[in-house]
Amino acid sequence: MKTIILNGSPRKNWNTALMLKEAKKGAESVGAETEYIDLYDLTYTGCRSCMACKRKGGERCKCFWKDDLSPVIDRIFAADALIIGSPIYLGDITSQVHGLIERLHFCALSYDDYSNYFTGRVDVGIILTMNDTWYY
Numbered sequence: 000m001k002t003i004i005l006n007g008s009p010r011k012n013w014n015t016a017l018m019l020k021e022a023k024k025g026a027e028s029v030g031a032e033t034e035y036i037d038l039y040d041l042t043y044t045g046c047r048s049c050m051a052c053k054r055k056g057g058e059r060c061k062c063f064w065k066d067d068l069s070p071v072i073d074r075i076f077a078a079d080a081l082i083i084g085s086p087i088y089l090g091d092i093t094s095q096v097h098g099l100i101e102r103l104h105f106c107a108l109s110y111d112d113y114s115n116y117f118t119g120r121v122d123v124g125i126i127l128t129m130n131d132t133w134y135y
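In numbering that gives the first Met the number 0, the protein residues as written are 0 to 135.
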């Protein structure tokens, strides 16, 4: 079983990373092969809407744009499980995680009937962290 773990925080050793590293230990304890990636170490953008993934004869579930995220997308579609972690900034996930989701979703989306080209299965877990005190 292959598990990809993505840290969407710019901080490699704070709350989000610590929780993801514990999830990694848990996955490994049941025999999963894991890969841990800090998204802020990669150079990439969100979807550029180049439409290359929609052209006839184009590879489905592959992003045409070649940058640091392209091989990660390929490994995600080949994995059994994906764990994404992000802190909440300004009420939302980080821009790095948004870019990842855009790229993953768009290259698998059919414009013919809005179905999904991806026919496999990747179980997904999401870890969100927030270092804020709420007063009611």
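Where is the CB? At the ideal position from N, CA and C, for every residue including glycine.
Per DSSP, what kind of secondary structure is residue i in: helix, strand or coil?
i: glycine 57; result: coil
i: serine 109; result: coil
i: isoleucine 100; result: helix
i: serine 28; result: helix
i: asparagine 130; result: coil
i: serine 94; result: helix
i: asparagine 12; result: coil
i: isoleucine 87; result: coil
What residues in its chain sit with their C-beta under 6 Å from that of residue i, if we drop five residues either side in the sequence?
i: alanine 22; result: Ile82
i: serine 109; result: Tyr116
Is the separation between the beta-carbon of residue i and that of residue j shorter than 7 Å?
i: isoleucine 3; j: isoleucine 75; result: yes
i: lysine 53; j: glutamate 32; result: no
i: leucine 41; j: leucine 68; result: yes
i: tyrosine 116; j: arginine 59; result: yes
Measuring alpha carbon to alpha carbon, tell me which of the options ends up nearest residue i.
i: asparagine 6; options: Asp67, Lys65, Asp37; result: Asp37
i: leucine 89; options: Met129, Asn12, Thr15; result: Met129
i: isoleucine 125; options: Ile100, Lys55, Asp111; result: Ile100
i: aspartate 66; options: Leu17, Lys24, Thr15, Arg47; result: Arg47
i: glycine 119; options: Gly30, Asp73, Gly25; result: Asp73
i: asparagine 12; options: Phe63, Tyr35, Lys61; result: Tyr35
Applying the 10 Å Cβ sphere with the 16-neighbour rule, what's the burial state of residue i?
i: alanine 77; result: exposed
i: threonine 44; result: exposed
i: cysteine 49; result: exposed
i: valine 71; result: buried
Can you give me the Cβ contacts of residue i inside the same chain, cut-off strictly under 8 Å, excluding the 5 residues immediately before and after it?
i: valine 96; result: Leu5, Gly7, Leu38, Ile83, Ser85
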